[in-house]
Each structure stands twice: as C-alpha cells, then as structure tokens.
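The structure appears right after this line, and notes come after that.
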Ligand code: URA
C-alpha cells in the first residue's frame, strides 16, 4: 500500500496534510525519515509513525492464551492442532500470530496479535524479556543448582546462555520442582539447560512473559483479549 493512502485511510490526515507532514520530515518508517508519498509500505511489517504517533491501519488485537500440551505454536499445520485453532472464528483475524514459540509438549502463556512488528520487537535480544517457567524434572536438583544456572549454562555444542534464576520448589529423588527465569529464547532452551545440569524436564509450563502473568482463571486451552490497561505495556517495546 502507498504510504499516503495508508495514512489517509486511518483518517489521521488528508492528502494535503500528508504532503505537508512529509515535507516537514514528520513521518518515519522503521525509524527512518521518509519524504515520498508513493513509498510502498506494509504497516504489519513496518513501524510507521506520523508525528511520533504509530500508524494503526486496522484494529489491532492482543490475546493472552493458556496453551495446552499437544498444540503447536504455529499458524497452520496439516497434522496437528495449532494455537490459532483455539481462537474463535471472529478472533482469527488476518495476520494474527503467536509471539514466540513454546514446544508442542510445553504448556502455558502465549501472547497472540495481528500487530506484525510487535513480535520482532518483543523478542529482540536488546529487550531481555523475562520468561518464567514452572518445571518438573526427573531427579534431584541439589543445592548447587541455582549457582549452576546463575553462572550461565553452556550446551554441548558450545552455545552459552545468559545467567538464569532458579528457585527450587521441592527436591526429591526421582522428582523435583522448580521455577526458572530466563531472558532469552533459544530453541528448547529450558530443556537443554536442565539436561546440561544432568536432569530431564518431564513437565514445562510458561507462567510469565514480559510482565504478563498467567492467571489461574485462564484454564488450559482458553484465552482472553488483553485489556486497554494492559496494551500500553506492549507499546513500550516500540520506544
Ligand atoms: N524452553 C524449552 O525447552 N521449551 C519451551 O517450550 C520453551 C522454553
């Protein structure tokens, strides 16, 4: 879509006003000042600002979902149920996608939106978004475990993780429970970190993500729309 038409379609400015805004260098695309009214843009993929204000071309939707085990964090799959299949048809709007991934057997908090640039922003390493997981493992987490995770775990292939906070909730031979906070999103990160310690994850559930907490009332497989008070938290990722 042309930049000028995208802005006009929101009712934010007339064509004449758009030209004036462009001339006075008040319009940016992904942080770069632009001057051409006919520039082709995609407001789902790019961060377009008019006088500092983010351009919203259609209603943005934000959902918090409690993913059950067995469901894929994907938009489409021919074999398995996806998180989009859990949305009612009226909420399955164009461009809606899950922000980040949970493994198929992992449960818990997942944010979904049709705000294209948000996922990239939230998952960008510079934001260090905290993710908290409840974990059950198949053996003892000794008193040395919190230090092990705090020092930054290294996988067998040499990949190193940032320091993580481990809180052991219960330790028993053959079954321990813990909470772990990480600020990255490496593939299978939590499972591999525990493997590096010498135990296997038997149950994994994300209970917090970027300041959002999975409330008990959101039972497995259900979701709700974020409230007007919660959305500004997400907008801080565009600062
Ligand atoms: N870490 C994992 O190993 N799996 C997940 O699903 C999320 C984090």
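In this note's numbering, the protein residues as written are 17 to 255. All residues carry an ideal CB built from backbone N, CA and C; glycine is no exception.
Local conformation of residue i per DSSP, three classes
| i | result |
| --- | --- |
| residue 123 | strand |
| residue 182 | strand |
| residue 137 | helix |
| residue 24 | helix |
| residue 243 | coil |
| residue 98 | strand |
| residue 142 | helix |
| residue 88 | strand |
| residue 252 | helix |
Distance between residue j and residue i (C-alpha atoms, nearest Å)
| i | j | result |
| --- | --- | --- |
| residue 166 | residue 154 | 21 Å |
| residue 250 | residue 148 | 17 Å |
| residue 195 | residue 240 | 25 Å |
| residue 169 | residue 21 | 50 Å |
| residue 218 | residue 152 | 6 Å |
| residue 234 | residue 40 | 48 Å |
| residue 84 | residue 236 | 5 Å |
| residue 33 | residue 57 | 18 Å |
| residue 30 | residue 24 | 6 Å |
| residue 208 | residue 222 | 16 Å |
| residue 72 | residue 89 | 26 Å |
| residue 193 | residue 150 | 8 Å |
| residue 198 | residue 86 | 23 Å |
| residue 2 | residue 181 | This structure leaves residue 2 out entirely; the chain is present only between 17 and 255. |
| residue 160 | residue 142 | 30 Å |
| residue 79 | residue 243 | 9 Å |
heavy atom of the ligand URA below 7 Å from residue i C-beta
| i | result |
| --- | --- |
| residue 220 | yes |
| residue 166 | no |
| residue 122 | yes |
| residue 216 | no |
| residue 206 | yes |
| residue 81 | no |
| residue 172 | no |
| residue 118 | yes |
Span of the alpha helix (DSSP H) around residue i
| i | result |
| --- | --- |
| residue 198 | No alpha helix (DSSP H) holds residue 198; the beta strand (DSSP E) holding it covers 192-198. |
| residue 207 | 205-213 |
| residue 165 | 161-166 |
Beta-bridge pairing of residue i - partner residues as DSSP gives them
| i | result |
| --- | --- |
| residue 44 | 49 and 65 |
| residue 82 | 125 |
| residue 56 | 18 |
| residue 114 | 128 |
| residue 72 | None; residue 72 has no bridge partner. |
| residue 152 | 193 and 219 |
| residue 170 | 176 |
| residue 147 | 198 and 225 |
Host beta strand (DSSP E) of residue i (start-end)
| i | result |
| --- | --- |
| residue 225 | 217-225 |
| residue 32 | Taken as a continuous stretch (DSSP letters only), residue 32 belongs to no beta strand (DSSP E), being part of the alpha helix (DSSP H) at 31-39. |
| residue 231 | Counting along the chain, residue 231 falls outside any beta strand (DSSP E), and DSSP gives it neither H nor E. |
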